[in-house]
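J.: Its first residue numbered 1, the sequence shown is counted upward by one per residue in the working numbering. Before anything else, here's the structure in question.
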Amino acid sequence: MSIDITAYNKAAWNMRVESGNRWTVPVSTELIAEAGLGNWDVLLTPTKPVPHSWFPEMHGADVLGLASGGGQQCPIFAAAGANVTVLDNSPRQLEQDRIVAEREGFSIRTVEGDMADLSVFSDESFDLVFNPCSNCFAPDVRAIWRESARVLRHGGILLTGFNNPILYSVDQKLEADGIVQLVHTIPYSDLTSRAPEDLKAFIANGEVLEFGHTLADQIGGQLDAGLVMTAMFEDNWGESRGVVDRLMDVFIATRAIKP
């Protein structure tokens with residue numbers, strides 16, 4: 001099936017904003033006030049806050065929220081004193097960040113675009129690139145790492161979260177019945193790994209297209225882009241854990257530096 005992945009996922013995420021998806025609900029005024037006092041936490045993965053030791057000095061830092069729309073992380077960074085730009089494929093997700101910025105009286109630059117194409121930004125523009133779990137919506141993760149490395153200044157930090165590829169090997173319908181069966185090869189693509197009739201129903205329902213990348217591309221791709229990995233942790237879905245997630249954590253967060 002031929003499909004414009006970027007355009008399709010844009011529409012799918014716009015729909016999720018309308019339905020109030022968890023990752024589209026802006027932060028409260030109370031959390032912004034606490035962030036202004038230096039009391040803040042943000043997520044790269046579903047439940048575990050990112051250690052503060054992973055961040056640069058935030059006051060005055062130039063930060064890119066990469067595929068990080070939704071009014072959640074980037075307004076926190078702005079309240080903490082950073083100069084924040086957020087790039088996202090979904091204009092409705094970007095609107096959530098603008099809503100918080102206008103409500104709280106600070107500035108956030110919003111840019112609609114593809115996380116694998118940061119050509120709108122000059123080389124060495126940012127001190128921090130913050131990329132919460134979202135590269136599962138992009139077919140080429142290595143392009144994301146190359147572009148992130150390019151726009152980072154020397155000494156700049158890339159923080160990212162991503163799915164363990166085992167999530168995409170499992171037959172999700174069987175897992176819903178409590179059965180774990182590995183059926184898909186990795187790399188995974190909703191476009192090519194699903195049966196044709198399943199894919200047709202999937203698209204008709206407006207589901208977001210996902211891609212399961214190898215660890216060689218997720219981790220090795222960062223290293224090949226010239227970044228140096230300095231820390232990582234694993235996480236899970238929290239209260240909504242599935243069968244696989246109860247056996248092992250299925251999310252990974254990494255911290256890498258551009259030398």
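For each residue, glycine too, the CB sits at the ideal point set by N, CA and C.
1) Is the shortest distance between the beta-carbon of LEU191 and the beta-carbons of chain C less than 7 Å?
2) Per the DSSP calculation, ALA253 is bridged to which residue(s)?
3) Measuring CB atoms only, is the region 198-213 touching the region 126-137, in the sense that at least three cross pairs come out at less than 8 Å?
4) Can you name, in chain order, every residue of its own chain whose Cβ lies under 7 Å from the Cβ of PHE126, other than the five neighbours on each side?
5) Assess, as a yes-or-no matter, whether the region 220-240 is touched by the region 195-210 under the definition of 3 or more beta carbon pairs within less than 8 Å.
6) Which residues does DSSP pair with TYR188 in a beta bridge?
7) Kindly give me the distance between the Cβ atoms of PHE233 and CYS133, rounded to whole angstroms, as I take these residues to be in contact under 8 Å.
8) Should LEU182 be labelled buried (16 or more other beta-carbon atoms within 10 Å of its own) or exposed?
9) Alpha carbon to alpha carbon, how far is VAL111 from SER148?
10) By Cβ distance below 7 Å, which residues in the same chain neighbour THR24 in space, the five residues on each side in sequence not counted?
T.: Quick answer:
1) Of the protein chains in the structure, only one exists, and it is not chain C.
2) GLY161 and PHE233
3) yes
4) ASP62, VAL63, LEU64, VAL151, LEU152, ARG153 and GLY156
5) no
6) GLY212
7) In fact, because the Cβ distance is near 13 Å, the residues do not count as touching under 8 Å.
8) exposed
9) 15 Å
10) ARG16, VAL17, GLY70, GLN93 and GLN96
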